[in-house]
Amino acid sequence: MVPFRYFQQYGDSKPYLTRFQNTINQYPFLGFGAGSLLFLGATPTSYIPVTPDAKLYTQGLETGADAGLLCNVKLRFLYTSREGTDVPDSSNPLLTANRNRVAAGHNLLINYSDRRYYYTATEPTLGSDAGRHPSFDSFPFQLLFTDPLYQQPGGVI
1 MVPFRYFQQY GDSKPYLTRF QNTINQYPFL GFGAGSLLFL GATPTSYIPV
51 TPDAKLYTQG LETGADAGLL CNVKLRFLYT SREGTDVPDS SNPLLTANRN
101 RVAAGHNLLI NYSDRRYYYT ATEPTLGSDA GRHPSFDSFP FQLLFTDPLY
151 QQPGGVI
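Per our numbering, the sequence shown runs over residues 1 to 157.
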């Protein structure tokens with residue numbers, strides 16, 4: 001169970017569980033290689049807190065009990081085990097322009113003429129590879145299990 005605020009928006013920051021739908025895993029996650037999991041979304045099942053309002057029984061003293069709404073979370077992923085052909089390595093300018101680009105898994109699309117998977121990206125803007133985008137951006141899925149109000153050491157995500 002997690003606090004229901006994991007699904008609520010505070011100011012300009014959207015919660016990770018809704019903001020990063022349709023992204024792939026940037027790093028290996030729970031034994032699955034980078035790019036092999038596509039995050040389809042999360043569904044909360046909310047519960048009323050099991051403790052009564054503690055302030056009522058302690059004459060307004062704080063007891064440390066959280067009376068916030070709790071929920072169970074069901075995460076949905078789509079897995080693929082695609083093996084790529086002629087996949088660019090991590091030093092390729094196509095991938096170094098933006099570290100969110102992962103040349104694996106769901107970003108490999110099939111070429112039906114030879115039945116192999118290749119890394120694909122959109123057409124570039126004139127004179128630059130920076131305008132190319134893969135099918136799916138990536139996200140470190142480990143952050144799905146962190147509090148959205150917690151300030152990350154690397155800065156705002």
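Yeah, the Cβ is synthetic: ideal placement off N, Cα and C, and Gly gets one too. All values reported here derive from a predicted model rather than from experimental measurement.
Put residue i into one of helix, strand or coil per three-state DSSP.
i, result
"Leu149", "coil"
"Pro44", "strand"
"Phe4", "helix"
"Tyr16", "helix"
"Gly105", "helix"
"Phe141", "helix"
"Leu70", "strand"
Roughly how far, in whole angstroms, is the beta-carbon of residue i from the beta-carbon of residue j, given that I think they are within contact range, below 8 Å?
i, j, result
"Phe77", "Leu40", "6 Å"
"Thr80", "Ser36", "6 Å"
"Asp34", "Val73", "For clarity, residue 34 is Ala in the given sequence; the question names Asp instead. The Cβ separation is near 23 Å, so there is no contact."
"Ile24", "Asn107", "7 Å"
"Ser46", "Leu69", "6 Å"
"Asn100", "Ser138", "5 Å"
"Tyr119", "Pro88", "6 Å"
Can you check which of these residues, the options, is closest to residue i by C-alpha distance?
i, options, result
"Pro140", "Arg5, Phe20, Val2", "Phe20"
"Arg115", "Leu38, Arg82, His106", "Arg82"
"Cys71", "Ala103, Pro3, Gln151, Gln142", "Pro3"
"Gln26", "Gly105, Leu17, Ala42", "Gly105"
"Arg132", "Tyr10, Asp12, Leu95", "Leu95"
"Ala97", "Pro134, Tyr10, Ser13, Pro15", "Pro134"
"Leu75", "Ala121, Phe32, Glu123, Thr18", "Thr18"
Tell me the DSSP bridge mates of residue i?
i, result
"Leu78", "Leu38"
"Gly84", "Tyr117"
"Tyr10", "Ser13"
"Phe136", "Answer by DSSP bridge pairing: none, since Phe136 is not bridged."
"Thr23", "Phe39"
"Asn111", "Arg116"
Taking 7 Å as the CB-CB cut-off, is residue i touching chain C?
i, result
"Arg5", "Looking at the structure shown, chain C is missing, and only one protein chain is on hand."
Notebook entry, point to check: Do the stretch 141 to 150 and the stretch 111 to 118 make contact, defined as three or more Cβ pairs closer than 8 Å?
Noted result: no
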